[in-house]
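These notes are about the structure you will find just below.
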Amino acid sequence: MSKRVRFIIVLLVIALCFVFLHPTLKWYFWTEKEDKALALASREKIKDYSENMARADVDRLIEMAASNSTEPLSEKYAPIIKEAKARRKALGMEIPSQWTAQEVVASFKLSSKEKFITAAQPILETAYRDSILGIKNYQTNAVKLGLDLSGGMLVIIKADLDAAISADGASNETIADSKKAAMTLAMDTLRSRIDKFGLTDPVIRRQGEDRIYIEMPGAADADKINSIIMGRGILAFHIVDDEATQAFREYYRNNPGKTFDADYNLLNPEIIPEDCMVLGVYHKDAYGIDERDDREPFLVVKKHAGLEGKHLVSVDTSTDQRSNNPLVNFSLDAEGAKIFAELTTSNVGKRLAIVSDNKIKSAPNLKEPITGGSGSISGMSATEANNLKTVLRTAWLNVPLQLETQQVVGASLGDEKINEGIKALQWGLIAVLIFMLVFYKEAGINACIAQILNLYIMFSILSAFNLTLTLPSIAGMILTIGMAVDANVVVFERIKEELRLGKTREASINAGFEHAFSAIMDSNITTFIAAFFLSILGTGPIKGFAYSLAIGVVSSVFTALFVSRLIFDFGTQTLKLEKIHISWRKL
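For the sequence shown, position 327 (counting from the first letter as 1) is numbered 327 according to full-length UniProt numbering, and the numbering increases by one without interruption.
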């Protein structure tokens with residue numbers, strides 16, 4: 001392979017690794033502490049912050065316009081300036097060279113302060129929201145710190161798949177598929193429930209056949225989390241009382257502040273029938289959290305659930321072949337099919353509220369009886385269909401769960417271990433670099449460059465595959481540093497042997513790499529095989545060690561045989577060097 005091709009490949013690898021590593025660098029080194037705190041907050045807090053900051057900026061803008069301020073607007077007003085410029089272009093108005101508060105407010109041409117606030121605040125709120133969620137996205141794609149470094153809670157849960165399958169009545173031929181589906185459902189359900197806490201990127205993965213491994217970084221209320229994780233969930237279908245809903249709307253319109261208490265319990269229960277209750281209608285907003293529907297905030301539904309979520313067997317989305325609109329398809333077990341047939345037959349023309357955790361997520365019309373044990377829900381966007389599918393699949397969990405392990409790791413202990421691990425990595429690298437420089441002179445410089453690039457590639461791969469950095473991972477990296485140097489030592493010793501035979505620099509380098517290749521590949525392949533089986537058969541800390549070791553093996557082979565060779569060739573062919581300094585003593 002020519003030097004030019006080798007150089008291009010190395011540049012491409014470095015560039016690709018930077019793309020992978022960029023979120024990690026951005027999050028840990030290029031993001032302010034205040035921005036990190038916001039990004040790590042729950043989506044509810046991010047929403048409150050964005051709304052409050054946007055409102056404060058709009059109020060300041062109105063205040064500056066009222067005082068005829070000629071001060072140019074700062075960069076934070078860029079989104080609203082962009083909107084003002086678009087409005088002026090549409091109206092054929094002159095575009096000012098310098099934007100002031102007066103120019104911006106005048107561009108909206110609204111008759112009152114309230115109308116301007118209504119138009120301007122969402123623009124600034126969107127900018128704040130996108131900025132914080134963008135930072136949150138960097139955190140999601142950055143190298144994660146394990147619980148032994150960051151602190152948090154570790155939970156291992158056993159799913160009783162046999163009980164779930166026997167409840168569904170699966171045949172022997174479909175037991176394996178049923179177990180796989182039940183495990184996937186259990187993981188999706190737990191992920192959906194844990195998301196409600198606003199925790200930062202919990203790690204949820206399958207461990208073995210029937211266990212679920214969960215890591216929740218940061219401080220967490222163990223008792224509260226356990227009650228949510230281990231609960232069966234609440235999902236039910238209730239018939240909507242349209243007549244009572246209409247009467248309630250009139251009452252609520254006339255008594256907006258006198259209808260509910262602080263916990264949204266009715267202050268006057270007599271306004272609805274005894275067999276009914278009032279529930280809020282919710283949808284996902286731009287922050288991904290439940291928000292009460294502005295068009296229809298409340299519905300009055302029957303207290304008695306017509307059908308419980310435990311009867312749902314499967315839920316999926318599809319597209320209507322005639323209208324091309326999204327559909328949410330569901331099927332029920334035998335008992336549920338019978339109950340649902342009676343329910344829908346006697347309530348054709350009414351609405352059926354889908355209730356999860358006392359929140360109405362959808363209320364489709366019953367156009368006809370559904371007697372076949374399966375049906376479809378239409379009349380929504382693709383996003384709404386996916387959200388409803390998630391609710392139907394995860395609100396009720398039909399897989400019994402058993403808590404096997406729960407550990408809480410303090411964040412202060414994590415900080416101490418981070419510092420110790422980083423120091424060990426630093427001193428190990430420094431010691432190796434000094435050794436190579438002292439014993440191998442010029443060639444040692446090549447090895448040092450290859451070592452630094454080796455660590456760079458390792459961290460990039462960790463980031464690319466969203467792997468977690470733990471103390472065992474750091475141990476694997478330290479071991480890899482020594483192994484990577486070993487590959488360089490084998491090459492350098494072979495080159496020295498060729499030099500003793502009287503060969504030139506170029507001939508010695510070529511022969512040294514050629515003769516060392518098989519020895520390096522054999523040793524690293526066996527190490528990689530060991531790391532591969534450790535990653536498959538091991539659990540927890542062993543997996544972290546195995547992953548970093550396997551990544552390090554691949555990276556060290558690339559840097560020792562590819563990068564180091566490129567540096568030698570650069571000295572020989574570009575700098576026209578004839579001698580090579582490769583030993584601390586005269587050869």
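Glycine included, every Cβ here is placed at the ideal spot set by N, Cα and C.
Touching by the beta-carbon criterion (3+ pairs, under 8 angstroms), the segment 78-86 and the segment 114-133: yes
Limits of the beta strand (DSSP E) - the one that alanine 142 falls within: Counting from one through the sequence shown, the residue named residue 142 turns up at place 142. It is not in any beta strand (DSSP E) - alanine 142 carries neither H nor E in the DSSP assignment.
Inter-residue spacing [alpha-carbon to alpha-carbon] between leucine 469 and serine 374: As a first step, residue 469 is located in the sequence shown; it is residue number 469 there, counting from the start. As a first step, residue 374 is located in the sequence shown; it is residue number 374 there, counting from the start. The straight-line gap from Cα to Cα measures roughly 46 angstroms.
The segment 565-572 contacting the segment 506-516, beta-carbon criterion three pairs below 8 angstroms: yes
Selection from Tyr252, Ala334, Lys367 that minimises the alpha carbon distance to lysine 350: Position 350 of the sequence shown, counted from the first residue, corresponds to residue 350. The option with the nearest alpha carbon to lysine 350 is Lys367.
Per-residue burial, aspartate 148 [other beta carbons within 10 Å of its own, 16 or more giving buried]: In the sequence shown, the residue the question calls residue 148 occupies position 148. Looking at its Cβ environment, which holds 16 or more other Cβ atoms inside 10 Å, aspartate 148 is buried.
Any 3 or more C-beta pairs closer than 8 angstroms across the segment 185-193 and the segment 125-142: no
Spatial distance of isoleucine 62 from arginine 43 (CA atoms): Walking along the sequence shown from the start, residue 62 turns up at place 62. Walking along the sequence shown from the start, residue 43 turns up at place 43. Taking the straight line joining both Cα atoms gives about 28 angstroms.
Whether leucine 561 touches phenylalanine 513 by CB criterion (8 angstroms): Mapped onto the sequence shown, residue 561 falls at position 561. Mapped onto the sequence shown, residue 513 falls at position 513. Closer than 8 angstroms, so yes.
Backbone CA spacing between alanine 475 and isoleucine 156 [nearest angstrom]: The residue given as residue 475 occupies position 475 in the sequence shown. The residue given as residue 156 occupies position 156 in the sequence shown. Distance between the alpha carbons of alanine 475 and isoleucine 156 is about 24 angstroms.
When Ser69, Val313, Asp177 are compared against asparagine 398, the one with the closest alpha-carbon: Position 398 of the sequence shown holds residue 398. When only C-alpha atoms are compared, the closest one is Val313.
According to DSSP, residues forming a beta bridge with serine 331: As a first step, residue 331 must be located in the sequence shown, where it is residue number 331. Serine 331 is bridged to Ser314, Ser374.
For histidine 283, three-class secondary structure by DSSP: Numbered from its first residue, the sequence shown carries residue 283 at position 283. Of the three classes helix, strand and coil, the one that applies to histidine 283 here is strand, per DSSP.
Whole-Å CB distance - leucine 425 paired with phenylalanine 330, under 8 angstroms assumed: Along the sequence shown, one-based indexing puts residue 425 at 425. Along the sequence shown, one-based indexing puts residue 330 at 330. With 8 angstroms as the limit, leucine 425 and phenylalanine 330 do not qualify as a contact, their Cβ atoms being about 52 angstroms apart.
Burial state of serine 67 (16 or more Cβ within 10 Å): In the sequence shown, the residue the question calls residue 67 occupies position 67. Serine 67 is exposed by the Cβ-count criterion.
8 angstroms Cβ cutoff met for methionine 458 and methionine 477: The count along the sequence shown starts at 1 and reaches residue 458 at position 458. The count along the sequence shown starts at 1 and reaches residue 477 at position 477. Contact flag set, yes.
Pair within 8 angstroms by beta-carbon distance, phenylalanine 340 and leucine 388: Along the sequence shown, one-based indexing puts residue 340 at 340. Along the sequence shown, one-based indexing puts residue 388 at 388. No, Cβ-Cβ distance for phenylalanine 340 and leucine 388 is not below 8 angstroms.
Check whether isoleucine 204 and methionine 183 have beta carbons under 8 angstroms apart: Along the sequence shown, read from residue 1 onward, the residue named residue 204 stands at position 204. Along the sequence shown, read from residue 1 onward, the residue named residue 183 stands at position 183. Cβ atoms of isoleucine 204 and methionine 183: not closer than 8 angstroms.
Beta strand (DSSP E) segment containing histidine 238, residue limits: Residue mapping note: residue 238 aligns to position 238 of the sequence shown, counting from 1. Residues 235-239.
Endpoints, the beta strand (DSSP E) within which proline 217 is located: The sequence position of residue 217 within the sequence shown is 217, counting from 1. Segment 211-217, the beta strand (DSSP E) holding proline 217.
Cβ neighbour criterion (16 or more within 10 Å) applied to glutamate 404: Translated into the one-based positions of the sequence shown, residue 404 becomes position 404. Result: exposed.
Isoleucine 377 beta carbon less than 8 angstroms from that of leucine 327: For the purposes of this step, residue 327 is identified with residue 327 of the sequence shown, where counting begins at 1. For the purposes of this step, residue 377 is identified with residue 377 of the sequence shown, where counting begins at 1. Contact flag set, yes.
Nearest to arginine 55 (by Cα), restricted to the options Ala106, Arg4, Ile117: Stepping through the sequence shown from its first residue, residue 55 is reached at position 55. Residue Ile117 is the option with its Cα nearest to arginine 55.
Distance, leucine 429 Cα to leucine 471 Cα: Within the sequence shown, numbered from 1, the residue matching residue 471 stands at position 471. Within the sequence shown, numbered from 1, the residue matching residue 429 stands at position 429. Roughly 16 angstroms separates the two Cα atoms.
Assumed close pair valine 240, alanine 120 - CB separation to whole angstroms, cut-off 8 angstroms: Here residue 240 corresponds to residue number 240 of the sequence shown, with the count starting at 1. Here residue 120 corresponds to residue number 120 of the sequence shown, with the count starting at 1. Actually they do not touch by this definition, with Cβ atoms about 37 angstroms apart.
Cβ separation of methionine 216 and tyrosine 128, assumed to be a contact under 8 angstroms, to the nearest whole Å: Here residue 216 refers to the residue found at position 216 when the sequence shown is read from its first residue. Here residue 128 refers to the residue found at position 128 when the sequence shown is read from its first residue. Contact doesn't hold; Cβ gap of about 27 angstroms is too wide.
Sub-8 angstroms separation of leucine 38 and isoleucine 132 beta-carbons: Taking the first residue of the sequence shown as position 1, residue 38 is located at position 38. Taking the first residue of the sequence shown as position 1, residue 132 is located at position 132. Contact: yes.
Pick from Glu274, Ala90, Ser548, Lys144 that is closest to lysine 303, judged by C-alpha positions: What you label residue 303 is simply residue 303 of the sequence shown in a count that begins at 1. The shortest Cα separation from lysine 303 among Glu274, Ala90, Ser548, Lys144 belongs to Glu274.
Alpha helix (DSSP H) segment containing lysine 359, residue limits: Locating residue 359 in the sequence shown gives position 359, counting from the first residue. Taken as a continuous stretch (DSSP letters only), lysine 359 belongs to no alpha helix (DSSP H), being part of the beta strand (DSSP E) at 359-362.
Neighbour-count burial assignment, alanine 519, 16 or more Cβ in a 10 Å radius: Your numbering for residue 519 matches position 519 in the sequence shown. Alanine 519 is exposed by the Cβ-count criterion.
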